[in-house]
Amino acid sequence: MKRAAKPAAKVAVKVSKLTPAPQVQYRLCRAGWAVIVETIPNAQGTRFVCPFCTVSHRVSGPVRGFKRVRRAQWIKMRRVEG
Ligand SMILES: [Zn+2]
407 MKRAAKPAAK VAVKVSKLTP APQVQYRLCR AGWAVIVETI PNAQGTRFVC PFCTVSHRVS
467 GPVRGFKRVR RAQWIKMRRV EG
């Protein structure tokens, strides 16, 4: 009689429901400053009041903050609309 093969240990893959939403950064009108935007599928877009020009800009999702970035990085980013 064949010995029953030991079942392979199941690797529990925990899928967290609290996965942080992916974020994207857009460059602001002031050199070296970026806005951190959460990317939400099917988002209609949000407007936020810019701390530098006091005009509202449009981005693709909720704003999570502002960040200083190096100029070289900043140039590569997409600009906010509006
Ligand atoms: Zn601005």
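The sequence shown stops at residue 488 when you use the working numbering, and every number in between is there.
Even for Gly, the Cβ is constructed at its ideal location relative to N, Cα and C.
By the Cβ rule, the stretch 428–448 counts as touching the stretch 456–475, because three or more pairs are nearer than 8 angstroms. Phe458 has its CB nearer than 7 angstroms to a heavy atom of ligand 1. In this structure, Thr445 sits near Pro428, with a CB-CB distance shorter than 8 angstroms. At a threshold of 7 angstroms, Leu424 does not count as near ligand 1, since its beta carbon sits no closer than that to any of the ligand's heavy atoms. The beta carbon of Phe454 lies closer than 8 angstroms to those of Val441, Ser462, His463, Val465, Val469 in the same chain, with the five residues before and after it left out. Per DSSP, reduced to three states, the secondary structure at Ala427 is coil, with no helix or strand assignment.
For Arg470, the enclosing beta strand (DSSP E) covers residues 469–474.
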